[in-house]
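Please read the structure below before turning to the comments.
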Amino acid sequence: MRQQHYFMPTLRDNPADAETASHRLMLRAGLIRQLAAGVYTYLPLGQRVLRKVQNIIREEMDKTGAQEMLLPTLHPAELWKRSGRWDDYGQELMRLKDRHDREFALGPTHEEAVTALFGNEVKSYKKLPVTVYQIQTKFRDERRPRFGVLRSREFVMKDAYSFDASPEGLNDSYRKMYEAYTAILTRCGLRFKAVEADSGTIGGTGTHEFIVPSDIGEDTIVCCDSCGYAANIEKAEVAPAPYDAAAEHAGQPAEKVHTPGARTIDEVARYLNVPQRQIIKSVAFRADGQTVLALVRGDYEINEAKLKSVLGAGHLEMLPESAIVNEFGSAPGFIGPVGAGPSVKIVADYSVRGMNGAVCGANEPDFHWVNAVPERDFHAEYGDLRQIAAGDCCPRCSDEITFTKGIEVGHIFKLGTKYSEAMGAVFLDENGQARPMIMGCYGIGISRMIAAIIEQNHDADGIVWPAAVAPFHIHLIAVHLQDKVQREAAERLYHLLREQGYEVLYDDRDERPGVKFKDADLIGLPLRITVGKKAADNVVEISVRGTGERFEVPEKELWKLIRRYVEPYDCK
Ligand code: ATP
Ligand code: MG
17 MRQQHYFMPT LRDNPADAET ASHRLMLRAG LIRQLAAGVY TYLPLGQRVL
67 RKVQNIIREE MDKTGAQEML LPTLHPAELW KRSGRWDDYG QELMRLKDRH
117 DREFALGPTH EEAVTALFGN EVKSYKKLPV TVYQIQTKFR DERRPRFGVL
167 RSREFVMKDA YSFDASPEGL NDSYRKMYEA YTAILTRCGL RFKAVEADSG
217 TIGGTGTHEF IVPSDIGEDT IVCCDSCGYA ANIEKAEVAP APYDAAAEHA
267 GQPAEKVHTP GARTIDEVAR YLNVPQRQII KSVAFRADGQ TVLALVRGDY
317 EINEAKLKSV LGAGHLEMLP ESAIVNEFGS APGFIGPVGA GPSVKIVADY
367 SVRGMNGAVC GANEPDFHWV NAVPERDFHA EYGDLRQIAA GDCCPRCSDE
417 ITFTKGIEVG HIFKLGTKYS EAMGAVFLDE NGQARPMIMG CYGIGISRMI
467 AAIIEQNHDA DGIVWPAAVA PFHIHLIAVH LQDKVQREAA ERLYHLLREQ
517 GYEVLYDDRD ERPGVKFKDA DLIGLPLRIT VGKKAADNVV EISVRGTGER
567 FEVPEKELWK LIRRYVEPYD CK
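Below, the structure is given as structure tokens:
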């Protein structure tokens, strides 16, 4: 490609509102431009990278036997009502109406569309298993679009769906996708970790996230170097702390004390001059219609996903203040397990068990209990309800754990029969019995991957593309185009390189060499070939963007050197 007319508007300065390296560099190198908040155009250079990543994904998906197809983007509301997600998906679902006032959504994901299709078309176990995938634009009205294409409202995703006749079949389909994702991310030059995204309380490994470690990541992962355990912080299991059951009935009797205005853990701790870890935090929820009081040690937080799974609840929400006053007899801040009514189910985190002499709300405005002892003064069911924290150890081997920030680029999930049951996607088994299909879903964010690749592969001067996803292999630069020898040598090389199957960006602009070199560093192609003064002796310079190595070589030695860094692209 000749650069003179290539539509690649580069920017010298950092755009003011781009907070992350990848966002800045994608704008500056001319890969993307914003059309609206969270909506981006891919310019030719960006589109080439998208295509490279897509091709790698296609190759790895096809290897597993998954079949590419294309589902619609525009979904009738009816489809989403059948699964229940027209209401449950919330404001992230982009909704619109057609001229007949019929409601539609723009697909944020495609479980509904694909389940409806399989429900109609597949009737027998003989046709299963099948895994299909698509590469398509998704729409999500994110509350806070940010960091460019990392969290946008319109983005490209590869999503795949597996349909099996048995749980063992699903395990097999899932394993193939896990391996394919590992291959895809590795080929794209990403360093990543596949982490459990399953709450340990329901057991098993029903879902994994593929996380690219990065300081700008919104996820935190917990890893153990000793045994290899890795999980999303939200889902990481917390091992129950040892406690002394004999101590349960010991200590002073509980006593009700006046704590005027002290509602929060911090206020209570100050007022009574006790550490936060001595206070029981009590939070009221409604779980499938049942009032639940969840307890955790004052210095920890309740994790709602874990609570939901311990309760086996389908729907969980915080109890509104008016309902709390009704059912507990006091405002939040003064509620607690001692003396809570019989209609309230009390569940406590393991951290509460063995809290001897605890402080908790007295279900009376401006009063708390002190010296409360679990199982003496109240009964609870115990489980893993809190988020893992610094100071905790590995739930598997009890060794030290580390916390790392990262970007979620992929997510694979065993869905089971959630959608096939809701939408009636059934097949007849060997015995002629109708059974719901057993599904898995597998998503990888292609736009987000590109941002993640740049986050992990850049320096102060610009992007440093891994060769497999670089928009071109080689940046060819003639230092002085007016010099006939240089120009002719560069032209000849441009043709030769392309003949050999390399993708070449040829800077044929009449610009100062400094400008050309700066742009080349910014764009970050793996190799740069500079044709300068020594062209007269048939010598050119080749430099490697990733390592900074430079070699001056006679032209005939060029080819061996290039092959060391990039493979020619098979452009048939
Ligand atoms: P997040 O927690 O970041 O919102 P998610 O759990 O909603 O992600 P999934 O529904 O699992 O994401 O979608 C699959 C993949 O799509 C994600 O792993 C991510 O790579 C990508 N993705 C999701 N939301 C966005 C977005 N707003 N912009 C760009 N990519 C996204
Ligand atoms: Mg999301």
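The opening position of the sequence shown corresponds to residue 17 in the working numbering, with each subsequent residue numbered one higher.
Ideal Cβ placement from N, Cα and C applies to all residues, glycine included.
Can you give the beta carbon distance from residue i to residue j, rounded, assuming they're within the 8 Å contact cut?
i      : j      : result
VAL130 : VAL148 : 7 Å
LEU541 : ILE470 : With a Cβ gap of about 14 Å, LEU541 and ILE470 do not count as contacting.
PHE350 : GLY377 : 4 Å
ILE462 : LEU66  : 6 Å
ALA270 : ALA388 : 5 Å
LEU335 : ARG313 : In fact, because the Cβ distance is near 21 Å, the residues do not count as touching under 8 Å.
ALA467 : MET85  : That pair is no contact at about 27 Å.
VAL55  : GLU170 : 5 Å
How about residue i and residue j: are their beta carbons less than 8 Å apart?
i      : j      : result
VAL386 : CYS204 : no
ALA347 : GLU333 : no
ASP304 : HIS331 : yes
ARG525 : ALA536 : no
PHE226 : GLY426 : yes
VAL531 : THR546 : no
LEU492 : LEU512 : no
ARG391 : GLY345 : According to the sequence provided, residue 391 is Glu. The question's Arg does not apply to it. No; because the gap between Cβ atoms is not below 8 Å, this pair is not in contact.
GLY267 : GLY373 : yes
MET7   : ARG98  : It is not possible to answer for residue 7, since the shown part of the chain is limited to 17 through 588.
ILE417 : CYS240 : yes
ILE249 : ILE237 : yes
LYS272 : PHE383 : yes
LEU51  : TYR58  : no
GLU75  : CYS457 : no
TYR522 : ARG18  : yes
MET77  : ALA210 : no
Where does residue i fall in DSSP's three states?
i      : result
PRO60  : helix
PHE134 : helix
THR202 : helix
ASN319 : coil
LEU541 : coil
HIS39  : helix
GLN19  : helix
GLU583 : coil
ASN372 : coil
ASP365 : strand
PHE533 : helix
PRO9   : For residue 9 there is no data in the structure shown, the boundaries of the chain being 17 and 588.
LEU95  : helix
ALA356 : coil
ALA551 : helix
LEU144 : coil
LEU401 : coil
ILE340 : helix
When the Cα of residue i is compared with those of the options, which residue comes out closest?
i      : options                           : result
LYS251 : ALA484, LYS532, CYS410 and VAL501 : CYS410
GLU212 : TRP102, HIS224 and ASP78          : HIS224
GLU446 : LEU109, LYS139 and GLN63          : LYS139
MET193 : SER359, GLY222, THR153 and GLU170 : GLY222
GLY62  : ARG561, PHE488, ASP523 and THR433 : PHE488
SER182 : ARG412, TYR190 and ARG101         : TYR190
ARG40  : GLY357, PHE429, ALA374 and ILE479 : ILE479
PRO452 : ASP180, THR57 and LYS142          : ASP180
ASP157 : GLN83, GLY106 and SER99           : GLY106
ALA310 : VAL375, VAL363 and LYS143         : VAL363
SER559 : LEU574, ASP117 and ALA552         : LEU574
GLY448 : LYS142, GLU75, GLN50 and TYR56    : LYS142
ASP315 : GLY267, ASN342, VAL341 and ALA285 : ALA285
PHE533 : LEU206, LYS421 and ARG561         : ARG561
ARG293 : LYS421, ARG369, LEU335 and GLN306 : ARG369
THR242 : CYS413, LEU497 and GLU527         : The identity of residue 242 in the sequence shown is Ser, whereas the question assumes Thr. With distances taken between Cα atoms, SER242 lies closest to CYS413.
GLU184 : LEU144, ALA196 and ALA176         : LEU144
TYR22  : PRO60, GLU35, GLU515 and VAL55    : PRO60
GLY135 : LYS576, LEU444 and GLU565         : LEU444
ALA552 : ILE578, GLU565, ARG579 and GLU504 : GLU504
ARG402 : ILE73, ARG207, LEU90 and GLU253   : GLU253
MET5   : ARG49, HIS496 and PRO229          : Beyond the ends of the chain as shown, which are 17 and 588, falls residue 5; an answer cannot be given.
GLY357 : ALA300, TYR398, ASP415 and ALA486 : ALA300
Unbroken beta strand (DSSP E) runs of length 3 or more, entirely within the segment 207-271: which are they? 209-212, 223-229, 235-239 and 246-248
Could you name each continuous alpha helix (DSSP H) segment of 4 residues or more that falls completely within the segment 432-519, going from the start of the chain to the end? 434-439, 462-472 and 500-515
Counting only runs of 3+ residues fully inside the segment 44-92, write out the beta strand (DSSP E) ranges in chain order. 48-52, 55-58 and 90-92
4 or more residues per run - each alpha helix (DSSP H) lying fully within the segment 153-207: 183-203
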